[in-house]
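If you count the sequence shown from 1, position 149 lands on 149 in the UniProt record's numbering, and the numbers rise without skipping.
Heads up, the beta-carbon is just placed ideally off N, CA and C, and yes, glycines get one too.
Quick notes on the structure that follows.
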Amino acid sequence: MRDTLKEVRKCPTKRPKWLAENVWKDLWAFWNTETFKRKSETAKKNRASTTGVGSSLHTGGSIPTNVHKMNMINKGIEPTVHAMFLRRHQTKGNKWVDEKAAAANEKYQQKLLELQATPVDDSHPQSPITPSYDEQMQLWIEANGLTKRGRLYGFGVEGDTYTGSVCQSSSQKRVTAPIMHEAITTVVEENKRQKVLLDDVQAKLKKERTKRKKQSKKVAKLTKATK
Numbered sequence: 001m002r003d004t005l006k007e008v009r010k011c012p013t014k015r016p017k018w019l020a021e022n023v024w025k026d027l028w029a030f031w032n033t034e035t036f037k038r039k040s041e042t043a044k045k046n047r048a049s050t051t052g053v054g055s056s057l058h059t060g061g062s063i064p065t066n067v068h069k070m071n072m073i074n075k076g077i078e079p080t081v082h083a084m085f086l087r088r089h090q091t092k093g094n095k096w097v098d099e100k101a102a103a104a105n106e107k108y109q110q111k112l113l114e115l116q117a118t119p120v121d122d123s124h125p126q127s128p129i130t131p132s133y134d135e136q137m138q139l140w141i142e143a144n145g146l147t148k149r150g151r152l153y154g155f156g157v158e159g160d161t162y163t164g165s166v167c168q169s170s171s172q173k174r175v176t177a178p179i180m181h182e183a184i185t186t187v188v189e190e191n192k193r194q195k196v197l198l199d200d201v202q203a204k205l206k207k208e209r210t211k212r213k214k215q216s217k218k219v220a221k222l223t224k225a226t227k
């Protein structure tokens with residue numbers, strides 16, 4: 001339904017045949033309000049890059065991140081966070097899919113270098129820290145943060161398991177509960193607003209369909225009576 005309404009909004013001067021005129025007018029009256037415009041603009045910004053350079057792109061297609069991970073293991077390639085990100089965000093010519101991906105990688109590399117520059121202990125001052133995969137993922141969160149909806153950029157559904165549940169060393173910061181709470185609240189509130197709109201539209205569409213069915217039955221009876 002949401003995708004259908006998006007298509008309707010693309011043609012403000014042409015009413016779809018399946019949409020009753022009164023419903024169409026009500027929709028546009030709502031879409032033209034300042035409240036909806038503000039919400040729409042906010043949603044647009046939320047979908048955009050956290051670095052301000054556009055929406056997220058990747059080269060992984062519909063293949064889940066964990067499948068990419070298994071494929072790399074089967075090929076004898078260590079699936080580090082960096083390798084996983086490169087696999088999904090660089091083309092075959094080793095070019096980044098967009099500026100956002102390049103910026104995210106640069107931030108992560110800087111965090112990784114800072115961690116590896118920290119000596120393990122006084123007896124091994126030259127031994128760099130080799131973080132585990134979970135620790136690498138936590139570094140990624142520290143470097144790039146979460147979106148306003150609490151999502152982790154770059155790792156699809158797998159990233160959701162790391163937005164607050166990763167065990168970390170004393171040198172790392174846990175994603176705070178208030179941030180997660182705010183993100184969850186934002187999602188819940190947005191879903192409520194969308195549900196109210198969709199319920200209203202669906203109710204009107206149902207009413208219109210019932211009306212048309214009654215009219216069709218009435219026409220059928222009249223046609224039958226004239227024969």
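Buried or exposed (CB count within 10 angstroms, at least 16 for buried), E7: Using a 10 angstroms sphere on the CB of E7, the tally of other CB atoms stays under 16, which defines it as exposed.
DSSP state of W18 mapped onto helix, strand, coil: W18: coil per DSSP, three-state reduction.
Beta-carbon proximity check, N144 vs A104, cutoff 8 Å: Contact flag set, yes.
Beta-carbon gap between W31 and R9 smaller than 8 Å: In this structure, the beta-carbon distance from W31 to R9 falls below 8 Å.
Which listed residue (K95, A102, V81, H89) has its alpha carbon closest to that of residue 270: The requested residue 270 is not part of the displayed model; the chain covers only 1 to 227.
Cβ-based neighbour list, T50, same chain, cut-off 8 Å, excluding 5 preceding and 5 following: With a pLDDT of only 44 at T50, under the threshold of 50, the placement of this residue in the model should not be trusted, and no figure is reported.
Cut-off 7 Å between Cβ atoms - residues of its own chain near W96, not counting five sequence neighbours on either side: Around W96: H89, Q90, A102.
Neighbour-count burial assignment, P16, 16 or more Cβ in a 10 Å radius: Counting Cβ neighbours within 10 Å, P16 comes out exposed, since fewer than 16 surround it.
Member of F85, K218, G76 whose CA lies at the smallest distance from the CA of D98: Ranking F85, K218, G76 by Cα distance to D98 puts F85 first.
Straight-line gap, T226 to E208 (C-alpha atoms, nearest Å): Roughly 27 Å between the two C-alpha positions.
Spatially closest choice to T42 from Y133, L115, E190, by CA coordinates: Of Y133, L115, E190, the residue nearest in Cα terms is E190.
7 Å CB neighbourhood of P79 in its chain, flanking five on each side removed: Around P79, the same chain offers K69, M72, I73 as residues with beta carbons nearer than 7 Å, after the five sequence neighbours per side are excluded.
R212 versus T33: straight-line alpha-carbon distance, rounded: Straight-line spacing of the CA atoms in R212 and T33 works out to 30 Å.
Rounded straight-line distance, which links the Cα of T210 to that of L57: Here L57 scores only 48 on pLDDT, less than 50, and its place in the model should not be relied on; the value that follows carries that caveat. Their Cα atoms are separated by approximately 43 Å.
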